[in-house]
Structure formats: structure tokens, C-alpha cells
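**Q** Right, I'll just put the structure down here and ask away after.
Number of protein chains: 2
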Amino acid sequence: MSDVEPRWLDAEEQATWMALTGVLVRLPAALDAQLQRDAGISHFEYQVLAGLSMTPGRTLRMSELADFAVASLSRLSHTVKRLEKQGWVRRRSDPADGRCTLAILTDTGWDKVVATAPGHVAEVRRLVFEPLTKAQQRQLREAGRRIHHTISPDAAWPGDV
Amino acid sequence: MSDVEPRWLDAEEQATWMALTGVLVRLPAALDAQLQRDAGISHFEYQVLAGLSMTPGRTLRMSELADFAVASLSRLSHTVKRLEKQGWVRRRSDPADGRCTLAILTDTGWDKVVATAPGHVAEVRRLVFEPLTKAQQRQLREAGRRIHHTISPDAAWPGDV
DNA sequence: GCGAATGACTTGACGGTTCAAGTAAAGAGG
DNA sequence: CCTCTTTACTTGAACCGTCAAGTCATTCGC
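Top to bottom, those sequences are chains E and B. Its first residue numbered 1, the first sequence is counted upward by one per residue in our numbering. Its first residue numbered 1, the second sequence is counted upward by one per residue in our numbering.
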């Protein structure tokens with residue numbers, strides 16, 4: 001919009017950018033594909049179920065779960081409604097504060113996570129960890145943290161697996 | 001699905017994975033937000049326009065453009081229809097092969113890219129390159145390439161910016 | 001303690017993506 | 001050449017996510 005000549009990316013930067021966008025586009029697609037194929041759920045649905053499975057009581061408030069899964073409350077609400085229809089989650093209003101809704105993982109939902117998690121972790125390991133040396137993993141972690149910190153300096157870490 | 005005890009991620013691996021998913025979720029969202037705010041288009045629409053703007057003749061076959069933007073032909077077809085309605089792209093059947101459709105960037109479309117690119121590049125620079133040292137950029141590039149190569153060993157590089 | 005403001009969702013409509021089916025041109029086989 | 005297959009899309013329906021509005025608790029100011 002301004003008419004100052006912008007600083008374009010040089011050849012090295014372009015190569016870096018393409019490597020990064022390649023991962024940005026294909027890694028989520030690959031993870032979604034594995035979960036869809038083996039468990040019939042999306043990566044986001046898996047994150048919701050996994051998030052609940054990791055808390056004591058297998059229960060979280062919708063807003064806590066939304067933070068964990070990095071989603072809008074609206075998206076989570078629609079998704080939990082679908083998961084509820086499948087019998088994997090149920091909802092009840094929080095006795096401690098009637099404004100809040102608790103999402104609770106059912107036994108069937110727990111079984112679904114137990115059946116799904118190993119395959120998903122194996123895929124993450126295969127696609128992300130196996131191709132990298134320990135040093136590269138450390139470097140990737142540090143670079144990721146810096147980028148993430150620049151985008152949202154405040155935010156806590158998103159959770160997964 | 002198998003009942004072999006899976007190898008879970010250790011603490012370091014989890015930290016790496018969270019750093020990566022943080023970027024995976026937030027960087028595309030941040031780029032989309034900037035483009036939506038400043039130009040009223042999605043990152044994907046920008047990629048389509050940018051892809052056309054970089055070819056001699058500002059023209060590509062739909063399938064070439066789909067490869068470039070890493071999209072299904074169906075997604076591209078719907079998107080180009082919208083871009084056509086905005087007057088940024090037009091389509092005509094390829095005289096050399098009647099099965100193929102050529103997508104052509106109009107002058108208005110070119111102006112749109114020229115107006116949009118600097119701001120977008122600046123955002124990429126701010127979010128990805130400025131937070132990293134040159135060494136980290138190299139490391140990130142190498143890690144990205146390895147992951148990408150594991151997911152699709154064959155594929156050419158996706159293009160952007 | 002009563003009304004207003006805030007917080008925590010839920011809902012419905014809309015827009016974009018995918019998936020399955022359709023169309024039309026080019027090439028292959030007999 | 002005339003069918004059959006393949007290639008390169010296009011289309012419409014279904015599904016998911018977002019955005020704007022609504023609902024219902026709680027809490028804050030007076």
C-alpha cells in the first residue's frame with residue numbers, strides 16, 4: 001500500500017520460505033489424512049478428545065478446552081456437539097459457575113482415544129522425528145518458539161498428542 | 001490399532017512438537033489475517049494471483065496452477081471462478097489442447113498483486129525472518145526439507161511470494 | 001438488592017472445501 | 001474411423017468453520 005520499494009526475499013530466503021510453506025501445507029494434511037483413514041476423525045477432533053483424556057477427571061470447561069486446542073469457542077461448540085452425537089463426549093453445566101459448560105470424555109470416548117493415539121503418535125514420529133537428528137530437533141524447536149513468540153508474545157503453548 | 005506398546009514422545013520431543021504445532025496453527029492464521037485485513041483476500045487466493053503474476057504471459061493451465069498452489073483442481077476451479085467474478089482472472093480453453101483451461105491474470109489482477117505483495121512480504125519477513133538468525137534460517141530450511149521430503153518424496157517445491 | 005455490564009457459551013446463516021459425479025476433448029486399439 | 005479409455009477440468013451437495021446475534025449466569029456499582 002505504501003510506495004516505498006519493499007525488500008523482497010533473496011534466493012536463500014525464498015528457499016527457506018518454500019521449505020517452511022511446504023511443511024505448513026503438507027504436514028497438517030498428512031496428519032489429517034492418517035487420522036481420517038485410521039480413525040474417521042479430523043486432527044482437530046482428535047485434539048479435543050486427547051485434551052480431555054489427559055486431564056484428571058477427563059473433564060474441562062469449554063473455554064479451557066478451546067485454549068488447549070487453539071480454537072474459537074464457536075468452533076469448539078460445533079465440534080463438541082458432533083462428538084456428543086457420536087457418544088464420545090457429554091456436556092453439563094458447571095455446578096460451580098452456571099455460565100460455564102463442562103465437556104466430559106465418556107468411556108466410549110476414552111476407548112476411542114486409546115485406540116487412536118498410538119497410530120497418530122507413530123505418524124508424528126515417522127514424519128517429524130525420524131527424518132531429523134537430535135540437533136535438528138533442538139534447532140527446529142528453538143526456531144518454532146521464536147516465530148511463535150513473535151506472532152503471539154503472550155500465549156501459552158498449544159497442546160497436542 | 002495394534003497392541004504393541006507404542007513409543008510415546010519424551011519430554012523434549014513433546015516440547016519440539018508443541019513448538020512446531022504452534023507454528024503450524026498460528027502462522028497460516030496470521031498470514032491469512034494480514035491479507036484479509038489489508039487486501040480482502042485469503043492467503044490461498046493470493047497464492048493463485050501471485051502464481052500467475054510470476055509466469056511469462058501471466059498465464060497458466062489450471063492443473064499447473066493447482067500444482068503450484070498445492071491445491072485440488074476442484075478447489076482451484078471454485079476459487080478461480082470467484083477471482084473471475086472480481087475481474088482479476090479470466091479463463092479460456094487452451095487452443096493447443098481443448099481439454100485444458102488457461103487461467104490468465106487480467107490487468108486489474110496484476111494491479112491487485114502489485115498492491116498486495118509488498119505488505120505480504122513484509123509480514124513474512126517480520127514473522128519468520130526477523131526473529132531468526134541466518135544460521136537458524138538455514139537450520140529451519142534443512143529441517144523443513146527433510147520433513148517435506150518424508151511426506152512426499154517426489155513432489156516439487158511449492159511456490160509462494 | 002437491583003439494574004447494567006460482563007462472561008461463557010450456543011445458535012443460525014453464510015462462505016469455502018471436499019467429495020462424488022458429470023462433461024468434453026484427446027489419444028489408443030482394433 | 002469408431003469405440004474405449006484417459007485426461008482435464010466443472011459442478012452441486014454436504015460438511016465444516018467463522019461471524020454476528022442471541023441466551024442465560026454472575027458480578028459490579030450504586
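From the three backbone atoms N, C-alpha and C, an ideal C-beta is built for every residue, glycine too.
#1: A19 of chain B and R145 of chain E look like a contact to me (Cβ under 8 angstroms); what is the Cβ gap, rounded to whole Å?
#2: Would L73 of chain E be called buried (16 or more neighbouring beta carbons within 10 Å of its own) or exposed?
#3: Against chain E, with Cβ distances strictly below 7 angstroms, would R37 of chain B count as a contact?
#4: Could you give the C-beta distance for V89 of chain E and T106 of chain E, rounded to a whole number, given that I count them as a contact under 8 angstroms?
#5: Below 8 angstroms CB to CB, which residues in the same chain sit around L9 of chain E once its five sequence neighbours on both sides are set aside?
#6: Going by DSSP, what residue range makes up the beta strand (DSSP E) through T201 of chain E?
#7: If you count every other CB in all the chains shown that lies within 10 Å of the CB of G51 of chain B, and 16 or more means buried, which is it?
#8: Just mark A135 of chain E as buried or exposed, buried being the case when its beta carbon has 16 or more other beta carbons within 10 Å.
#9: Rounded to whole angstroms, what's the CA-CA distance from E84 of chain B to V23 of chain E? Just pull it up for me.
#10: Taking the alpha helix (DSSP H) that A103 of chain E belongs to, which residues open and close that run?
#11: Grab me the residues of P158 of chain E's own chain with a C-beta within less than 8 angstroms of its C-beta, minus the 5 sequence neighbours each way, in chain order.
#12: Rounding to the nearest angstrom, what Cα-Cα distance links A143 of chain B and Q34 of chain E in this structure?
#13: Can you look up T59 of chain B in the DSSP assignment and give me helix, strand or coil?
#14: Would you please verify whether the beta carbon of Q136 of chain B is less than 7 angstroms from any beta carbon of chain E?
#15: Checking contacts by CB at 7 angstroms: is P158 of chain E closer than that to chain B?
#16: Hey, is H149 of chain B close to the ligand HEM, as in C-beta under 6 angstroms from one of its heavy atoms?
#17: Hey, V201 of chain B and L65 of chain B: beta-carbon distance below 7 angstroms or not?
#18: If you draw a straight line from the C-alpha of Y46 of chain E to the C-alpha of A15 of chain E, how long is it?
#19: Quick check: C100 of chain E and R75 of chain E, are their CB atoms within less than 7 angstroms of each other?
**A** If we stick to the structure as given:
#1: In the second sequence, residue 19 of chain B corresponds to position 19, counting from 1. In the first sequence, residue 145 of chain E corresponds to position 145, counting from 1. That pair is a contact at about 5 angstroms.
#2: Within the first sequence, residue 73 of chain E is the residue found at index 73, counting from 1. Its Cβ having fewer than 16 others within 10 Å, L73 of chain E is exposed.
#3: Residue numbering aside, residue 37 of chain B sits at position 37 when the second sequence is read from its first letter. Residue-level contact check: R37 of chain B does not touch chain E, since none of the beta carbons of chain E fall below 7 angstroms from its beta carbon.
#4: On the first sequence, position 89 is the one that residue 89 of chain E refers to. On the first sequence, position 106 is the one that residue 106 of chain E refers to. About 6 angstroms separates the beta carbon of V89 of chain E from that of T106 of chain E, a gap short enough to meet the 8 angstroms contact definition.
#5: One-based indexing of the first sequence puts residue 9 of chain E at position 9. Hits under 8 angstroms: W17.
#6: The question about residue 201 of chain E has no answer here: the residues shown for chain E are numbered 1 through 161.
#7: Against the second sequence, residue 51 of chain B aligns to sequence position 51. Here G51 of chain B is buried. Its C-beta has 16 or more other C-beta atoms within 10 Å.
#8: On the first sequence, position 135 is the one that residue 135 of chain E refers to. Classification for A135 of chain E: exposed.
#9: Taking the second sequence and counting its residues from 1, the one referred to as residue 84 of chain B is at position 84. Taking the first sequence and counting its residues from 1, the one referred to as residue 23 of chain E is at position 23. Here the alpha carbons of V23 of chain E and E84 of chain B stand approximately 29 angstroms from one another.
#10: On the first sequence, residue 103 of chain E is found 103 positions in, with the first residue counted as 1. Counting along the chain, A103 of chain E falls outside any alpha helix (DSSP H), though it belongs to the beta strand (DSSP E) covering 101 to 105.
#11: Walking along the first sequence from the start, residue 158 of chain E turns up at place 158. At P158 of chain E the pLDDT is 48, less than 50, meaning the model places this residue with poor confidence and gives no usable figure here.
#12: As a first step, residue 143 of chain B must be located in the second sequence, where it is residue number 143. As a first step, residue 34 of chain E must be located in the first sequence, where it is residue number 34. If you take the alpha carbons of A143 of chain B and Q34 of chain E, they lie about 22 angstroms apart.
#13: As a working note, residue 59 of chain B is residue 59 in the second sequence. Three-state DSSP puts T59 of chain B in a strand.
#14: As a working mapping, residue 136 of chain B is identified with position 136 in the second sequence. True, the Cβ-Cβ gap to chain E drops below 7 angstroms.
#15: As a working note, residue 158 of chain E is residue 158 in the first sequence. Note that P158 of chain E has pLDDT 48, beneath the 50 cutoff, so the model's placement of it is unreliable and no number is given.
#16: In the structure shown, the ligand HEM is absent, as is every other ligand, since no ligand is present at all.
#17: This structure cannot settle anything about residue 201 of chain B, because the visible part of chain B is limited to 1 through 161.
#18: The count along the first sequence starts at 1 and reaches residue 46 of chain E at position 46. The count along the first sequence starts at 1 and reaches residue 15 of chain E at position 15. CA-to-CA, the gap between Y46 of chain E and A15 of chain E works out to about 33 angstroms.
#19: Taking the first residue of the first sequence as position 1, residue 100 of chain E is located at position 100. Taking the first residue of the first sequence as position 1, residue 75 of chain E is located at position 75. Not in contact: C100 of chain E and R75 of chain E (Cβ atoms no closer than 7 angstroms).
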